[in-house]
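Down below is the structure, laid out as structure tokens.
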Amino acid sequence: MLDYQVAIIGSGPAGLTAGLYAKRACLNTVILEKNFIGGLVATTYKIANYPGFPEEITGADLTDRMRTQVENLGVPFVMEEVEKITPVGNIFKLKLPQKELNVGSVIITSGAYPAKLNIQGENRLQGRGVSYCATCDGAFFRDKKLVVIGGGDSAIEEAAFLTRFASKVSIVHRRDELRAQKFIQEEAFNNPKMDFIWDSIPLEIHGDKKVEKITLKNVKTGEVSTKDIDGIFIYVGLRPASAFISELIRLDDNKFIITDEDMRTSCRGIFAAGDVRHKSVRQISTAVGDGAVAALSAQKYLNEQGD
Ligand code: NAP
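Counting from 1163, one number per residue, gives the positions in the sequence shown under my numbering.
Written out as structure tokens, the structure is:
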């Protein structure tokens, strides 16, 4: 006896879209979430490249709208962690902390979380000047000096947000060219509160009760220097939230889930969509596309099962 035909694990844009499409395909659907609804995007202060919002929208507002749309259709949200998935015959048993659910198919949209630098002082001073979320912590750094590590879209966009509060935001990047989209770069180069420390990596974060200094190394010259700072925001890429499924389906070398173009994983009946998936472009628009495809593929799979 099935509790649900489709279980969606994760509630970012991919999961919410999968929920929308699965429910509109008249499938009995549930969305499971262990943290907060909306995923990493919900912590982004400004979304400027999602079509349909010319006036810009915050990540929280956008994901709230997506959530409302899904809730209005009657899709339940279960705020619990899925610890394990076990295939039994043609159903899947989902182990939650207190109970088990029997489901006909699974769509994994568990997303990704910020990578760590793994340098001295990083863990000890997390929450005391070391942060991975500008929208959450930026306002604590009014008129302070900040360093942002990374040269991708996240680092540069979030650094620009931090200039609303900080007196100075220095981008530390390991090369002499940013990875971020050109438009985002132009805005950063024109921001008088931002400067750039090229070809450099952080070696250690110092401070007793809070961040006070950072040691940097120039990778071209080998020169080591120390900079007085009040906070450090780290945006050096994403790690997939795929550990709970790693024994069941094929992952790439970086632990992202491998799918085909229909979002099918190596295990029949399990689909994956969004940032947790091996792919080259990670955008809200691509996550939304993945979510729709995954739900329709799940529908096809369930039809084939005669469910
Ligand atoms: P990312 O694109 O992977 O960029 C990570 C940055 O950190 C790179 O500049 C990388 O340097 C640097 N880096 C990696 N490991 C490092 C280390 N150990 N020490 C120092 N620097 C290190 O990650 P992201 O910016 O978080 O973006 C993730 C995905 O989300 C991307 O696909 C991005 O396009 C997307 N995204 C899009 C938007 C948007 O469209 N507005 C906003 C945010 C994120 P190298 O450049 O030398 O590799």
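By construction, the Cβ of each residue, glycine as well, lies at the ideal position given by its N, Cα and C atoms. Predicted model, so just to flag it, every value in this text is computed and none were measured.
Determine the DSSP secondary structure at residue 1264, reduced to helix, strand or coil. Start at 1 with the first residue of the sequence shown, and residue 1264 comes out as number 102. Strand.
Please tell me whether residue 1404 and residue 1438 are closer than 7 Å, where the distance is taken between their beta carbons. Mapped onto the sequence shown, residue 1404 falls at position 242. Mapped onto the sequence shown, residue 1438 falls at position 276. The answer is yes: Cβ separation under 7 Å.
According to DSSP, which residues form a beta bridge with residue 1275? In the sequence shown, the residue the question calls residue 1275 occupies position 113. According to DSSP, residue 1275 bridges with 1401.
Cβ-heavy atom distance between residue 1285 and the ligand NAP below 6 Å? If you number the sequence shown from 1, residue 1285 lands on position 123. Answer for residue 1285: no, Cβ out of range of the ligand NAP.
Under three-state DSSP, which class holds residue 1391? Taking the first residue of the sequence shown as 1, we reach residue 1391 at position 229. In the structure shown, residue 1391 sits in coil (DSSP, three-state: anything other than H, G, I, E or B).
Best match in 1314, 1268, 1324, 1305 for proximity to residue 1345 [C-alpha to C-alpha]: Start at 1 with the first residue of the sequence shown, and residue 1345 comes out as number 183. Out of 1314, 1268, 1324, 1305, 1314 has the C-alpha closest to the C-alpha of residue 1345.
According to DSSP, is residue 1537 part of a helix, a strand, or is it coil? The structure shown has nothing for residue 1537, since the chain only spans 1163 to 1469.
Any contact between the region 1388-1397 and the region 1260-1272? By contact I mean 3 or more CB pairs, one from each, below 8 Å. Output reads no: the region 1260-1272 does not touch the region 1388-1397.
When you compare only the Cα positions, how much space is there between residue 1173 and residue 1384? Locating residue 1173 in the sequence shown gives position 11, counting from the first residue. Locating residue 1384 in the sequence shown gives position 222, counting from the first residue. In this structure, the CA atom of residue 1173 is about 44 Å from the CA atom of residue 1384.
If we call anything under 7 Å between Cβ atoms a contact, is residue 1187 one with residue 1461? Position 25 of the sequence shown, counted from the first residue, corresponds to residue 1187. Position 299 of the sequence shown, counted from the first residue, corresponds to residue 1461. Against a cut-off of 7 Å, the Cβ pair of residue 1461 and residue 1187 comes out as a contact.
Candidates 1335, 1223, 1442, 1452, of which the one nearest residue 1272 by Cα: The residue labelled residue 1272 in the question sits at position 110 within the sequence shown. Cα-wise, what sits closest to residue 1272 is 1452.
Kindly list the residues whose CB is nearer than 8 Å to the CB of residue 1355, restricted to its own chain and excluding five residues on each side of it in sequence; keep chain order. Counting from 1 along the sequence shown, the entry for residue 1355 is found at position 193. 1325, 1328, 1329, 1330, 1331, listed in sequence order.
In its own chain, which residues sit with a C-beta less than 8 Å from the C-beta of residue 1447, not counting the 5 before and 5 after it? Here residue 1447 is taken as the residue at index 285 of the sequence shown, counted from 1. 1211, 1212, 1213.
By the three-class DSSP mapping on this structure, what secondary structure does residue 1347 have? Sequence index remark: in the sequence shown, residue 1347 carries index 185 (1-based). Of the three classes helix, strand and coil, the one that applies to residue 1347 here is helix, per DSSP.
I need the boundaries of the alpha helix (DSSP H) containing residue 1179, first residue and last residue. Locating residue 1179 in the sequence shown gives position 17, counting from the first residue. Segment 1175-1186, the alpha helix (DSSP H) holding residue 1179.
Taking its Cβ as the centre, do 16 or more other Cβ atoms sit within 10 Å of residue 1163, making it buried, or is it exposed? The count along the sequence shown starts at 1 and reaches residue 1163 at position 1. Per the 10 Å Cβ criterion, exposed.
At a cut-off of 6 Å, is residue 1282 close to the ligand NAP when judged by its beta-carbon and the heavy atoms of the ligand? Mapped onto the sequence shown, residue 1282 falls at position 120. Residue 1282: no, Cβ never under 6 Å from the ligand NAP.
Let me check you understand the geometry: is the CB of residue 1362 closer than 6 Å to at least one non-hydrogen atom of the ligand NAP? As a first step, residue 1362 must be located in the sequence shown, where it is residue number 200. Answer for residue 1362: no, Cβ out of range of the ligand NAP.
Does the region 1249-1258 come within contact of the region 1196-1206, defined as at least 3 CB pairs closer than 8 Å? Flag = no, the region 1249-1258 and the region 1196-1206 do not touch.
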